[in-house]
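Number of protein chains: 2
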Amino acid sequence: MTVLILTSEEDVTADMVVVHLNGSGVPVVRLDPADLTHGVSLSGEYVHGRFRGHLSVGGRLVSISGLRSVWVRRPGVPAGRAPQPSAWLTEEASQALYGMLRGCDARWMNHPDAALRARHKPWQLRLAQRCGLPVPATLITTFPRAAREFAERFPDLVVKPVSGAHPQDPPRAVPTSRVAPDTDFSAVAFGPTLLQRRVAKRADIRLTAVGERLLAARKTTAADADPQEVDVRFATPGPPWEPVEVPARTADAVRAYLHRAELAYGAFDFAEDADGTWWFLECNQSGQFGFVEVETGQPIARTIAEWLSRPVPEEPAELDEAGSAMR
Amino acid sequence: MTVLILTSEEDVTADMVVVHLNGSGVPVVRLDPADLTHGVSLSGEYVHGRFRGHLSVGGRLVSISGLRSVWVRRPGVPAGRAPQPSAWLTEEASQALYGMLRGCDARWMNHPDAALRARHKPWQLRLAQRCGLPVPATLITTFPRAAREFAERFPDLVVKPVSGAHPQDPPRAVPTSRVAPDTDFSAVAFGPTLLQRRVAKRADIRLTAVGERLLAARKTTAADADPQEVDVRFATPGPPWEPVEVPARTADAVRAYLHRAELAYGAFDFAEDADGTWWFLECNQSGQFGFVEVETGQPIARTIAEWLSRPVPEEPAELDEAGSAMR
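Protein chains in written order, with my numbering: chain Y, 1 to 327; chain P, 1001 to 1327.
Laid out in structure tokens, this is it:
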């Protein structure tokens, strides 16, 4: 049984996991959908109520029914590197590849449906609330009056995008920023705006969840930190990330979140306040973990490799004589 | 409790359903996401573990927790008609609208996740097989040799796109066509190709499923029909669509398909062969039904209206004082 990794060639984070998979002797196929149909080939046959599918990369053939898990890391646009790329070819290649893989019984990290859903920030906030995670008071609105009333109730606010990165090429992260006390909210009418009560934080928390395993890291806010720098991604580097234990209540809530979101992997960001409460900011279903592993020494890559290596649940074996046509 | 319909203004099929909803006195809000933020507004507040959200269209305000169902018909691109449209505004508006709606407890026809998954033809074929529907032998491949061997086993083939319509503007349907006996399959290497055994059909079947209710129509293949015209959408008009009973085994299999696909609505296409077998061709989760209703008199629009009108399952009521800020 093989582990399939969908990612681009220059993904060093995937390399970290592959090292562990190779070390334990688990077969791995790494494939970038961008290389369809130039380097990567596929074939699937539906005959007499059965499906037999194969992928080929670099001359190596793997049976789709022989996949134990699929890791969707940073896959390229299907057929994006074809000699004559087009929107039509991308659509055809995407439907063919993901359509076949979606029909297989492998375990996913993360399943494309769960991944897509998990990207919705408003949905994240609601799910976090329902799972019992503390969520800072948040408003998403196109009503200037609602924004003004919210700012009266919660005078210390930050503003951030509702979606993730700005879709320019390459995409650019939009930093979270503080809202000035005298802000005029009339421009809110032109686009949905996310306002959130600023948590006066004494640390940032990054909790990386791999299956049932939770690995948390903490970065103390420097005493002399600029109070305008609320976004750790853009702040001047302060103290390093250090491993921290996950409070039991938070662990239960995080596991409930992952279960209801049907995610096998998630990178949670929290802000820790002066009382030690972890305030939920977001859960990135494809968040990077390399920087945390490097600074803390936590075995995230190894944990992912172990999750991917687990055998699939028992299922009826399918004969595989059709593969011969593609060899 | 209100029915929310997401569709464009000029959707006459939606009009058919709205007539029935109005007739039974069920409140309806019709909204095109393209009108965000110019005519349509939204606001959602996450405070103290609770969510209170509102949509406003044409000055009318509706609470998101007061929605009984959401019908995703033919919604426009979010913020597509904004005064200054952009990819970024569309992304923000899409995440805000669908992110809030995804967190509510309304019943969906169809849920966006299920709708997206259901578009994958290879996945459809596999699910149909698993539910016991007869599927004509099918190959999806980029291996010319696999295509050649398949054509030797099944000499009478059709070719069709793996995905749906060609993504030009406006999108164009690509007809299913017969494959000539002397076809050279070497071009298969340049893009995934779907080959399928041609069913020598004596009728086309369109089965419209609305919840548990199945409404099937049959169009006899004319005796003098051009055998090259395999795609009913592009064939010369023959006999009309007529209501037909669904065989019990097919009904069970179709209901199993809908259940596993988590679809509340689906338009199934079958080809009926000389033995009377219905061969599964595809299930379009957003397939049109107006033409069938007009020709057969089957009450599809009324059935959809009834499905949308059903009360949501019991849930804790949420107070609604926050709406005042947006009025």
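All C-beta atoms, glycine included, are put in the ideal place defined by N, C-alpha and C.
Burial state of SER1024 of chain P is exposed, judged by a 10 Å Cβ sphere holding fewer than 16 other Cβ atoms. Under the criterion of beta carbons closer than 8 Å, VAL77 of chain Y and ALA34 of chain Y qualify as touching, at roughly 6 Å. Its Cα nearest to that of GLU1272 of chain P, the residue P:PHE1280 stands out among P:TYR1265, P:GLY1266 and P:PHE1280. Scanning the segment 1026 to 1106 of chain P from its first residue to its last, the whole beta strand (DSSP E) runs of 3-plus residues come out as 1028 to 1031, 1040 to 1047, 1050 to 1057, 1060 to 1063 and 1067 to 1072. Apart from sequence neighbours up to five positions away, the residues of its chain that approach THR1250 of chain P with a beta-carbon distance below 6 Å are TRP1278, ordered along the chain.
Ranked by Cα distance from PRO1134 of chain P, the options P:PHE1268, P:VAL1003, P:VAL1292 and P:VAL1012 are led by P:PHE1268.
The C-beta of GLY1191 of chain P comes closer than 8 Å to at least one C-beta of chain Y. At a cut-off of 8 Å between C-beta atoms, MET109 of chain Y does not count as an interface residue with respect to chain P. Exclusion of the five residues before and after ARG1260 of chain P leaves LEU1127, ARG1130 and CYS1131 as the residues of its chain whose Cβ lies within less than 8 Å of its Cβ. With a cut-off of 8 Å on Cβ pairs, the segment 1133 to 1148 of chain P is in contact with the segment 1186 to 1198 of chain P, counting three or more such pairs. ILE1064 of chain P is not a Cβ neighbour of MET1109 of chain P, given a cutoff of 8 Å.
Its Cα nearest to that of VAL40 of chain Y, the residue Y:GLY80 stands out among Y:GLY66, Y:GLY80 and Y:ARG73.
Annotation for HIS1111 of chain P: GLU1262 place their beta carbon closer than 7 Å to its own, counting only its chain and skipping 5 residues before and after. A distance of 8 Å or more separates the beta carbons of ASP113 of chain Y and VAL312 of chain Y.
Between ARG178 of chain Y and the set Y:ARG172, Y:PRO299 and Y:ASP156, the nearest pair of CA atoms involves Y:ASP156.
The segment 117 to 143 of chain Y contains, as complete alpha helix (DSSP H) runs of 4+ residues, the segments 121 to 130 (chain order).
The C-alpha of LEU1042 of chain P is placed about 7 Å away from the C-alpha of LEU1097 of chain P.
Residues of the segment 111 to 124 of chain Y that bring their beta carbon within less than 9 Å of a beta carbon in chain P comprise PRO112, ASP113, ALA114, LEU116, ARG117, ARG119, HIS120, LYS121, PRO122, TRP123 and GLN124, in sequence order.
The beta carbon of ALA235 of chain Y lies closer than 8 Å to those of ALA225, ASP226 and GLU229 in the same chain, with the five residues before and after it left out. Those residues of the segment 86 to 98 of chain Y placed with their C-beta closer than 7 Å to a C-beta in chain P are ALA87, TRP88, LEU89, GLU91, GLU92, ALA93, GLN95, ALA96 and TYR98, ordered along the chain. Checking the DSSP bridge columns, you'll see TRP108 of chain Y partnered with Y:VAL70.
For LEU1139 of chain P, the neighbours in chain Y by C-beta distance under 9 Å run, in chain order, SER43, GLY44, GLU45, TYR46 and VAL47. With the rule of 3 Cβ pairs closer than 8 Å, the segment 1206 to 1217 of chain P counts as touching the segment 1285 to 1293 of chain P. Below the 8 Å Cβ cutoff, chain P contributes TRP1088 as neighbours of HIS166 of chain Y, in chain order. Membership of PHE280 of chain Y in any alpha helix (DSSP H) is not indicated; the residue belongs instead to the beta strand (DSSP E) covering 278 to 284. Across the structure, ARG30 of chain Y and ALA301 of chain Y are spaced so that their CA atoms are roughly 16 Å apart. Burial state of SER1086 of chain P is exposed, judged by a 10 Å Cβ sphere holding fewer than 16 other Cβ atoms. A residue is called buried when at least 16 other Cβ atoms come within 10 angstroms of its Cβ; GLY1297 of chain P does not meet this threshold and is exposed.
Residues of the segment 1136 to 1163 of chain P that bring their beta carbon within less than 8 Å of a beta carbon in chain Y comprise ALA1137, THR1138, LEU1139, ILE1140, THR1141, THR1142, PHE1143, ARG1145, ALA1146, GLU1149, PHE1150, PRO1161, VAL1162 and SER1163, in sequence order.
The beta carbon of TRP1123 of chain P is closer than 8 Å to those of ARG1117 in its chain, skipping five residues each way along the sequence. Against chain P, the CB of GLN285 of chain Y has no partner CB under 8 Å away; the residue lies outside that interface. Per the C-alpha coordinates, the member of P:ALA1248, P:PRO1144, P:GLU1149 and P:ALA1165 positioned closest to ALA1187 of chain P is P:PRO1144. Just so you know, the alpha carbons of GLU45 of chain Y and CYS283 of chain Y end up roughly 38 Å apart. Annotation for TRP71 of chain Y: ILE5, MET109 and LEU308 place their beta carbon closer than 6 Å to its own, counting only its chain and skipping 5 residues before and after. Per DSSP, the beta bridge partners of THR193 of chain Y are Y:THR141.
Less than 8 Å separates the beta-carbon of ALA189 of chain Y from that of THR142 of chain Y.
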